[in-house]
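Below is one structure, written out as structure tokens, with a few remarks after it.
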Amino acid sequence: MITSTNFLQKTSPWTNPDFLTSFITSQPNIFGSGAIQNLSKATSALSKLIHLTIAEFDTVYPTELELAKDLMDAGLLHNARKCEKCSCKMALRNRKGTVEWRCRRSNKTDCSSKSIKAGSFFSESKLSLKQAMKFIIMWITECSGPQIELQLKLSKTTICDWRQFLRGICTRIVNSYPPIGGSGKVVEIGESVIQARKHAKVTTLNEEYILVLGGIERGTHRIWMHTVPNRTKETFNATIGKHVDKESTVITNMFPAFDDLGKMCNRHEMLNQSIESYRFTEDGLEVSTGLIENAWTRLKSNGSADNTLDSYLDEFVVRQWEGGQFFMTVLVEIQSCKTDYRN
Ligand SMILES: [Zn+2]
Numbered sequence: 092m093i094t095s096t097n098f099l100q101k102t103s104p105w106t107n108p109d110f111l112t113s114f115i116t117s118q119p120n121i122f123g124s125g126a127i128q129n130l131s132k133a134t135s136a137l138s139k140l141i142h143l144t145i146a147e148f149d150t151v152y153p154t155e156l157e158l159a160k161d162l163m164d165a166g167l168l169h170n171a172r173k174c175e176k177c178s179c180k181m182a183l184r185n186r187k188g189t190v191e192w193r194c195r196r197s198n199k200t201d202c203s204s205k206s207i208k209a210g211s212f213f214s215e216s217k218l219s220l221k222q223a224m225k226f227i228i229m230w231i232t233e234c235s236g237p238q239i240e241l242q243l244k245l246s247k248t249t250i251c252d253w254r255q256f257l258r259g260i261c262t263r264i265v266n267s268y269p270p271i272g273g274s275g276k277v278v279e280i281g282e283s284v285i286q287a288r289k290h291a292k293v294t295t296l297n298e299e300y301i302l303v304l305g306g307i308e309r310g311t312h313r314i315w316m317h318t319v320p321n322r323t324k325e326t327f328n329a330t331i332g333k334h335v336d337k338e339s340t341v342i343t344n345m346f347p348a349f350d351d352l353g354k355m356c357n358r359h360e361m362l363n364q365s366i367e368s369y370r371f372t373e374d375g376l377e378v379s380t381g382l383i384e385n386a387w388t389r390l391k392s393n394g395s396a397d398n399t400l401d402s403y404l405d406e407f408v409v410r411q412w413e414g415g416q417f418f419m420t421v422l423v424e425i426q427s428c429k430t431d432y433r434n
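Note that the sequence shown ends on residue 434 in the numbering used here; no numbers are left out.
See the structure below:
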């Protein structure tokens, strides 16, 4: 899990080797007690992975073994394993294109063997490491379902499952984000209605349209979005209270559910959209909601939402928040899954 402390470090550029080094040394649970010795290996493996493209993938990693070694160096797979039967150190075996851990009893018999993916994010899937990493790269670069299907020869179900795994990673990341705004910061808040995808399981008219509340901090990429069940003050106040720092200056359109925000934050300005598109206060604050309106436009241009809207919003939020650091942030979160999945 990314804590709020190392979140602050994450806003620095990952491409900076000094930053990466300090990050890795602060993550002993991810990189093991040998972190210091493995530091340069980890730095170069992570950097190699985030700069990889689909076109050059098979040239850089012709076999599973080469990729497995870099994933180990990068901390995404366990880099050592003890036999569950005899506690001996296991060795890697590369056979018929797959790699596994095994404990060798004699020249002829094995004591035990274990998947290389055991205890990692990858253990959930039947895909080879190469297929999985290719999927991750195509998802990071926002390739469409049909593009992925064609390039990786995967079924629609597998693509859907993998999207969901990676959206789960985004949900973990979103849960580690602190509230946006703060003293001296301006946050634009708004609500929008999203139409459910045609084939989503819709049983009532209300379910065809999903209400989303969101906020964005001016001058940064910090953003949150969440589905809400209704437009009451209670619902809006509770959601905003969770996602926006109380010291913030908050700007919204004129809407009854926003009426109490002045009591919940340092300052609240409302824009009356029926008579003005923006205005300036006497002390020079621009009262406008263009940033949050643009965010809704970007969200909707991503295609319609399905019935897993919350994880869809989480993916959108992490992409917006992280910008160029998105791939690295996802890899770091995948590293932290290592201890969560034991088999
Ligand atoms: Zn053994």
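Where a beta carbon is used, it is the ideal one built from N, C-alpha and C, also for glycine.
- Placement of the Cβ of Ser197 at a distance of 7 Å or more from every heavy atom of ligand 1 is found.
- Judged by DSSP in its simplified three-state form, Lys173 adopts strand.
- Under the three-state reduction of DSSP output, Asp350 falls in the coil class, being neither helix nor strand.
- The DSSP-derived three-state label of Thr232 is coil.
- Taking the Cα of Lys217 as reference, the smallest distance to any Cα among Lys160, Glu325, Thr249 and Arg322 is reached at Thr249.
- With respect to Lys333, Asn357 sits apart: the two C-beta atoms are not nearer than 8 Å.
- Ile280 is the residue among Ile280, Gly310 and Gly259 whose C-alpha sits nearest the C-alpha of Leu352.
- Residue nearest to Ile227 within the set Val303, Cys174 and Leu143 is Leu143 (criterion: CA-CA distance).
- Within a 10 Å sphere around the beta-carbon of Thr420 sit 16 or more other beta-carbons, which makes this residue buried.
- Each residue's CA atom was taken as its position, placing Ala133 and Asp374 some 50 Å apart.
- Residue range Asp201 to Ser206 is occupied by the beta strand (DSSP E) that includes Ser206.
- Taken from the Cβ of Lys429, every heavy atom of ligand 1 lies 7 Å or farther away.
- Closest option to Ile383, judged by alpha-carbon separation, among Gly414, Arg309 and Leu130: Arg309.
- In the DSSP assignment, Arg186 falls within the beta strand (DSSP E) that extends over Ala182 to Arg186.
- Taking a C-beta distance under 8 Å as the contact criterion, Ile301 and Leu390 do not qualify as a contact pair.
- Secondary-structure assignment with DSSP links Gly306 through a beta bridge to Ile280 and Trp315.
- The Cβ atoms of Glu360 and Val378 sit closer than 8 Å to each other.
- Collapsing the DSSP output to three states places Met361 in a strand.
- For ligand 1, residues qualifying as neighbours are Cys174, Lys176, Cys177, Cys179, Cys194, Cys202 and Ser203, where qualification means a beta carbon closer than 6 Å to at least one of its heavy atoms (chain order).
- An exposed status is given to Lys187, since fewer than 16 other beta-carbon atoms sit within 10 Å of its beta-carbon.
- For the pair Leu130 and Asp164, the Cα-to-Cα distance works out to about 9 Å.
- Within the same chain, Cβ atoms closer than 8 Å to the Cβ of Ile239 are found at Phe226, Met229, Trp230, Leu245 and Ile250, the five residues on either side in sequence being excluded.
- About 22 Å separates the beta carbons of Asn198 and Leu156, which is beyond the 8 Å limit, so they are not a contact pair.
- Note on the region 213-266: whole alpha helix (DSSP H) runs with a minimum of 4 residues are 220-231, 236-243 and 247-266, in chain order.
- With a 10 Å radius around the Cβ and a threshold of 16 neighbouring Cβ atoms, Lys324 comes out exposed.
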